[in-house]
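Chains A and B are the protein sequences, given in the same order. Residues in the first sequence are numbered from 1 upward in steps of one, following my numbering. Residues in the second sequence are numbered from 362 upward in steps of one, following my numbering. Notes for the one structure printed next.
2 protein chains.
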Amino acid sequence: MKRRDFVKKLGTGTLLSGGLLSYSQSALAKKKRVKWKMVTTWPKNFPGLGTGAEYLAKLIETMSHGRLKIKVYGARQLVPAFEVFDAVSSGTAQMGHGSAYYWKGKSEEAQFFSTVPFGLNGQEMNAWLYHGGGMKLWEELYADFNLIPMAAGNTGVQMGGWFNKQINGLQDLQGLKMRIPGLGGEVLKRAGGTPVNIPGNELYTSLQSGAIDATEWVGPYNDLAFGFYRIAKYYYYPGWHEPGTTLEAMINKKAFEALDKDLQEIVRTACKAVNQDMLVGYVAKNNAALQTLVNEHKVDVRKFSDEILKKLHQLSDEVVAELAAKNAISQKIFNSYQSFRDNVIAWDNMSELAYMNARKL
Amino acid sequence: MKRRDFVKKLGTGTLLSGGLLSYSQSALAKKKRVKWKMVTTWPKNFPGLGTGAEYLAKLIETMSHGRLKIKVYGARQLVPAFEVFDAVSSGTAQMGHGSAYYWKGKSEEAQFFSTVPFGLNGQEMNAWLYHGGGMKLWEELYADFNLIPMAAGNTGVQMGGWFNKQINGLQDLQGLKMRIPGLGGEVLKRAGGTPVNIPGNELYTSLQSGAIDATEWVGPYNDLAFGFYRIAKYYYYPGWHEPGTTLEAMINKKAFEALDKDLQEIVRTACKAVNQDMLVGYVAKNNAALQTLVNEHKVDVRKFSDEILKKLHQLSDEVVAELAAKNAISQKIFNSYQSFRDNVIAWDNMSELAYMNARKL
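Here it is, written out as structure tokens:
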């Protein structure tokens, strides 16, 4: 039965009194039972990231009373990790979960919406996105690809990485072969290192064999599971190159616009809830993993020296400014990001940072 | 028409074929159109806090397609601010928005679920609530009052307050008459000060007349609107007494349990979304207000000395431990909170704090 026919019958039917007509309209709204595919850049149920995508799908299904069901696919189950963007853009899948810096081949300026070296942390990033104009710029950028972006997760401040040699001064970065992709890699290169990009599945053997000297990954919770402690001696912090990486849900524009208004709000709100939940999930889980690394596996945890951090900050500013200068859109996003960053740092220096330093006295 | 009659007619009706029966069931689910009252401890549409409550109601209405409509009442529109807890507990209203430390007269241990001096910041608090066992303890505590609590907003780290004299050393706290309620007030008392509790509407004149020397409020965004800059010289940070105050939505247990499962999840998820949104809204708005205070109103912003902060921390630990010792429930909550606090500080020292300090070099 077509919807129009259904409405017509309702309009003329003798069974349904006027008092019930409102329910019949609700019934129509219910008529659309939609099934979506969500492709992701993570292995199915990968801790934190993949489980976050599953949680997102579950929330949407429960809140919509099953009207919008989303089946989550791990990387390579439907499309390879780095084809998620294209798959959702073309409508092969209606939804994707990943992080914007994976699509720099399509749009270099997308990187501003995941993380940049010495940029915003997770809380500040969400402040920019929701209350500082960031979401609007992100939506503009992705509209060209037939996509609607939503922030849907955050790793928090990552760790600096696993090293098989001590990094005591700038000279130790010379010639350092490290797996560190993206802007962080470019910064390392300018500091004299050799950034290499190796797929996750070859990482362990590369570090073990000495093909690389170091690698960054995420933070203690994910790094412990990966087993890096077996093959690397030193674990450095802080993760200057990824201070709060935003994960994204991207949605095919036509698929989203075809949803009823209540379902659209359900999708948006579920993303907001998952965005927070994943961030604080990492906050809660990282320390236990760190303690296991230190106490059971005797990992040597070290802090980068101020000299190194200062230099990396200076080089990061250069690299990010060059990214901004690539085109007008990139410059527009950078201007908004940078002006928000300056402001939020001024405030955090008196609030979050001042408080955490005071608590440590 | 009663629901049972409606179902019966559907079952025998000739108009509705088997294929449509599923929609008729949906129609039944839709039948419950629920109206709730939300009483709040804030003036109607008070920036940040009251507007957050309105946003929460709006999200729930939109996601539920109008099946759950919530009318928000400002303080004193239906019940006075400090009667919100009783009103929701008794079912006069189905929902409330406030903060748990307002109910310490009913349950002193409720204070752990808003904020404690030198305790968790907003992000850490949410990590404890959602992933460290905090929510479960909060639910247990409120169950005795026929209430279900949900975290639904956060102010972030507050400011230390407005002072009409310089606070350079511990001796300047002696005899200081300051409006600072709750645990923070008890800490000030032990440091030699005189905490007083004055309702918001008398605060301005009390500070202006010299009846008090100082007052704390929230942070720049709210404090600018209040106009404290006209009558106080010094604005101190950080807000050691309220490092990330959680706002709560409390819901009458019977009212919540009467909701369909999808509506329950909509309410829970809306609270999670607002919980994050309010926190990062404050992050985004506080600096602009701070700049106005400094540049236009020439406010003298100062940091408490390390000596003062160390002493206040030590006294805070005493006060919080005494709160814990009051009864078995309080001790149970404290043990969970404190153990999470120790862990999360260890992690934040290597992540958020180390990163923010590195960025400042």
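Glycine residues also receive a C-beta, built at the ideal position from the N, C-alpha and C atoms.
Could you please give the first and the last residue of the uninterrupted alpha helix (DSSP H) stretch that includes residue i?
i, result
"Met-125 of chain A", "122-131"
"Met-159 of chain A", "Counting along the chain, Met-159 of chain A falls outside any alpha helix (DSSP H), and DSSP gives it neither H nor E."
"Thr-402 of chain B", "Careful: Thr-402 of chain B lies outside any alpha helix (DSSP H) and carries neither H nor E."
"Gln-77 of chain A", "Segment: none, Gln-77 of chain A is in no alpha helix (DSSP H) and carries neither H nor E."
"Thr-476 of chain B", "Neither: Thr-476 of chain B is in no alpha helix (DSSP H) and is coded neither H nor E."
"Tyr-102 of chain A", "Here Tyr-102 of chain A belongs to no alpha helix (DSSP H), and DSSP marks it neither H nor E."
"Lys-58 of chain A", "49-63"
Report the three-state DSSP secondary structure of residue i (helix, strand or coil).
i, result
"Tyr-204 of chain A", "helix"
"Leu-537 of chain B", "coil"
"Glu-140 of chain A", "helix"
"Phe-524 of chain B", "strand"
"Gln-25 of chain A", "In this predicted model, Gln-25 of chain A has a pLDDT of only 46, less than 50, meaning its place in the structure is not dependable; the value taken from the coordinates is given anyway. Three-state DSSP puts Gln-25 of chain A in a helix."
"Leu-722 of chain B", "coil"
"Gly-580 of chain B", "coil"
"Gly-169 of chain A", "coil"
"Phe-82 of chain A", "helix"
"Arg-364 of chain B", "Note on Arg-364 of chain B: pLDDT 37, under 50, position unreliable in the model; the coordinate value appears next. Residue state, collapsed to three classes: helix."
"Leu-377 of chain B", "Caution is warranted here: a pLDDT of 35 is assigned to Leu-377 of chain B, below 50, making its placement in the model unreliable, and the coordinate value is therefore given only provisionally. Correct three-state label for Leu-377 of chain B: coil."
Measuring straight from C-alpha to C-alpha, what distance separates residue i and residue j?
i, j, result
"Asn-558 of chain B", "Asn-647 of chain B", "25 Å"
"Val-445 of chain B", "Thr-402 of chain B", "7 Å"
"Ser-330 of chain A", "Ala-324 of chain A", "5 Å"
"Pro-149 of chain A", "Lys-326 of chain A", "22 Å"
"Asn-335 of chain A", "Lys-615 of chain B", "51 Å"
"Tyr-384 of chain B", "Gly-219 of chain A", "Bear in mind that a pLDDT of 43 at Tyr-384 of chain B, under 50, signals an unreliable position, so the number given afterwards is only what the model happens to contain. When rounded, the distance between both Cα atoms is 48 Å."
"Ser-316 of chain A", "Pro-181 of chain A", "14 Å"
"Ala-707 of chain B", "Ile-612 of chain B", "35 Å"
"Val-428 of chain B", "Thr-246 of chain A", "Per the sequence shown, residue 428 of chain B should be read as Arg rather than Val. When rounded, the distance between both Cα atoms is 33 Å."
"Gln-637 of chain B", "Val-79 of chain A", "32 Å"
"Ala-572 of chain B", "Phe-587 of chain B", "18 Å"
"Lys-550 of chain B", "Leu-498 of chain B", "30 Å"
"Ala-321 of chain A", "Leu-490 of chain B", "39 Å"
"Arg-369 of chain A", "Asp-623 of chain B", "Missing from the structure shown is residue 369 of chain A; chain A here goes from 1 to 361 and no further."
"Met-711 of chain B", "Leu-410 of chain B", "32 Å"
"Glu-186 of chain A", "Gln-484 of chain B", "31 Å"
"Val-680 of chain B", "Val-477 of chain B", "10 Å"
"Gln-699 of chain B", "Ala-57 of chain A", "34 Å"
"Ile-431 of chain B", "Gly-413 of chain B", "13 Å"
"Ser-90 of chain A", "Gly-105 of chain A", "17 Å"
"Val-267 of chain A", "Lys-693 of chain B", "37 Å"
"Glu-108 of chain A", "Tyr-101 of chain A", "8 Å"
"Leu-420 of chain B", "Thr-269 of chain A", "8 Å"
"Glu-618 of chain B", "Leu-508 of chain B", "11 Å"
"Gly-96 of chain A", "Asp-86 of chain A", "10 Å"
"Ser-567 of chain B", "Ile-592 of chain B", "10 Å"
"Gly-480 of chain B", "Pro-604 of chain B", "7 Å"
"Gly-689 of chain B", "Phe-340 of chain A", "The identity of residue 689 of chain B in the sequence shown is Ala, whereas the question assumes Gly. So the two alpha carbons sit approximately 46 Å from each other."
"Leu-382 of chain B", "Trp-397 of chain B", "For Leu-382 of chain B, the predicted model reports a pLDDT of 38, less than 50, meaning its position is unreliable and no value from the coordinates is stated."
"Phe-443 of chain B", "Ser-460 of chain B", "10 Å"
Got a sec, what are the start and stop residues for the beta strand (DSSP E) residue i sits in?
i, result
"Pro-510 of chain B", "508-515"
"Pro-556 of chain B", "555-557"
"Asp-300 of chain A", "300-303"
"Leu-68 of chain A", "68-73"
Per DSSP, what are the beta-bridge partners of residue i in this structure?
i, result
"His-458 of chain B", "B:Thr-401, B:Ala-610"
"Thr-453 of chain B", "DSSP, once it has assigned bridges, lists no residue as partnering Thr-453 of chain B."
"Ala-214 of chain A", "A:Phe-163, A:Met-178"
"Val-548 of chain B", "BP columns for Val-548 of chain B are empty, so no partner."
"Val-34 of chain A", "A:Leu-68"
(request) Could you pull out every unbroken alpha helix (DSSP H) segment of at least 4 residues lying fully inside the stretch 227-277 of chain A, listed in chain order? (result) 253-257
(message) At 3 residues or longer, what runs of the beta strand (DSSP E) sit wholly inside the stretch 271-359 of chain A?
(response) 300-303
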